[in-house]
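Written below as structure tokens is the structure these notes are about.
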Amino acid sequence: MRHSFILLALLFSTSLLFSQKTGKSYTVNTVPDPKNRNSSVSDPDDYLSASDEAVLNQLINAMEDSTTAQAAVVVLYSIGEENPKEFATKLFQKWGIGMAEKDNGLLILTVMDQRRTEFETGLGTESVLPDAICYRVGMQELVPHFQKGEYGTGLIAAVNKFKYILENPDNVSEIEDQTYSSNDKGGWLQILFGHSIFNAIFHLLSLMFVYKSLSSKEDAYDKYNSLRKSRMWGFLILFPIPYIFVWWFVGRKMKELRYGKRFSKKTGQELRLIPDNEEDPYLQKGQITEEEIGVADYDVWANDNDADDILILRYSKSNLQYRRCPKCSYITYYNSHTQTIVSATYSSTGTKEVTNECKSCNYHEVKRVAIPMLTRSSSSGGGGGSSGGGGSWGGGSSGGGGAGVSW
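Read left to right, the sequence shown gives residues -18 to -1, 1 to 389 (mature numbering (1 follows the signal peptide of the UniProt record, and there is no 0)).
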């Protein structure tokens, strides 16, 4: 009897194993671009039904008609050992989701074997869909369905919610309120308990990271940049207590590391920090330009006994507008002008001219980008079928924002 039970269990486990859908592993270059078949949904391993894909395309088309924002839904079996967030950013950039002049794109990437979904937003979409909102939409709309294997339903619910927010940004307040509107005491206790556990683990890891950074054999500049990674506004909002004390302590240590005494690696003599209003003669044109446009700050340390003994240290600042110049390599390259050459219609794509310039070396590049064909939402009946994604991607860029959820 016992052997029979074990045999049945093995047979049942084996049947479950072979009943799981499997597929290939994809790279950014091998993910099928849905625009090649007039769609906004890429599902090469057929996790979604034809009807679910049609509904997703209808929602995305309607959203683009009303807001000009472009969205893509990608469902893949595997991306190998790659990180889903990094994969999403690279795929977003490769396709150019969103309009080039607005960067208003959204990518929803689902990786089945990692049970992970990433929401990647464009630079222009981040203000309406910040990380916290993307996470909440994922947890409230997508995860409950995905946990039951209802992938199409979950994606439709998430896209519908994003459409609702993008069409009227004031609607975001409703999403925020939903997090706190539960009357289920058990649910509240679970949320509070989970937050407390995560808070404790997060702070333990934070303190370990800070200790490791401060006790390393790196010089003060490298320690400063290492500590900077642990000082983020998002953590201060999620865990105000006790993270505010970590924030204060790390800030004080960073100040000490930046402005503390420095000695020449050449002579061992103490160096003097040059005041900001006197440091330009020591800097190159690109460095001065980076300071002027606010993408970096430079500290100049000089040896009063040796004019050639100079130390220049660069401190990056938050920046969304400028990119690295392909010619001079400074972060001074930006989109200066966009002009429509041929307007898009409902029957053909258009063309626009995008001009990028460098404020440091004056290098400039002019390129022509396709404007997606205008589309109409197929909400009325008759004739069957569904409207696809239409046209092509608009040349938008990712801002690296968004959030991910596991299920």
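Backbone N, C-alpha and C define an ideal beta-carbon position, used for all residues, glycine too.
DSSP state of residue i mapped onto helix, strand, coil
i    : result
F221 : coil
K349 : strand
E46  : helix
T135 : helix
E108 : coil
V387 : strand
S374 : coil
L356 : coil
N338 : strand
R244 : coil
V13  : coil
R213 : coil
G250 : coil
S7   : strand
L187 : helix
Q129 : coil
S178 : helix
G381 : strand
S361 : With a pLDDT of only 36 at S361, under the threshold of 50, the placement of this residue in the model should not be trusted, and no figure is reported.
S198 : coil
S24  : strand
L30  : coil
A51  : coil
Closest Cα partner of residue i within the set the options
i    : options                : result
E347 : N317, Y328, Q40        : N317
K235 : D204, N43, C343        : D204
I223 : G134, A182, V56, G80   : A182
R240 : E274, K194, L293       : L293
V57  : D47, R97, S33          : R97
V13  : R118, S33, F74         : F74
R305 : G268, A289, L174, S22  : G268
K309 : G377, S342, L189       : S342
E108 : F221, V387, A51        : A51
S298 : K145, Y312, G134       : Y312
K248 : A139, D288, L171, E63  : D288
T271 : G250, C307, W230       : C307
M190 : V232, S48, F221        : V232
F180 : C116, Y225, D258       : Y225
I115 : Y146, P126, S178       : Y146
L137 : Y345, S31, D290, G381  : S31
Q303 : P126, V351, G381, A352 : G381
Rounded Cβ spacing between residue i and residue j (contact assumed at less than 8 Å)
i    : j    : result
E83  : L91  : Contact doesn't hold; Cβ gap of about 24 Å is too wide.
L88  : T103 : 6 Å
L41  : V141 : 5 Å
R296 : A278 : 5 Å
G131 : D34  : Contact doesn't hold; Cβ gap of about 13 Å is too wide.
E149 : M45  : 7 Å
C340 : T314 : 5 Å
F128 : W389 : 4 Å
K67  : G386 : 6 Å
L209 : S195 : 5 Å
Residue j beta carbon less than 8 Å from that of residue i
i           : j    : result
S330        : P354 : no
G176        : A202 : no
G106        : G80  : yes
D27         : Y59  : yes
residue 406 : I256 : There is simply no residue 406 to check, as the chain begins at -18 and stops at 389 in what is shown.
G376        : G78  : yes
Y280        : E273 : yes
N39         : V23  : yes
S379        : D85  : yes
T333        : L356 : no
R244        : D286 : no
Chain C contact for residue i (CB, 8 Å cutoff)
i    : result
S379 : Protein chains in the displayed structure number just one, and chain C is not present.
Practice task
Would you mind listing the alpha helix (DSSP H) stretches within the region 55 to 104 that are 4+ residues and don't spill past its ends, in chain order?
Solution key: 66 to 77
Practice task
Taking only runs that begin and end inside the region 257 to 334, name each unbroken alpha helix (DSSP H) of 4 or more residues, in chain order.
Solution key: 267 to 275
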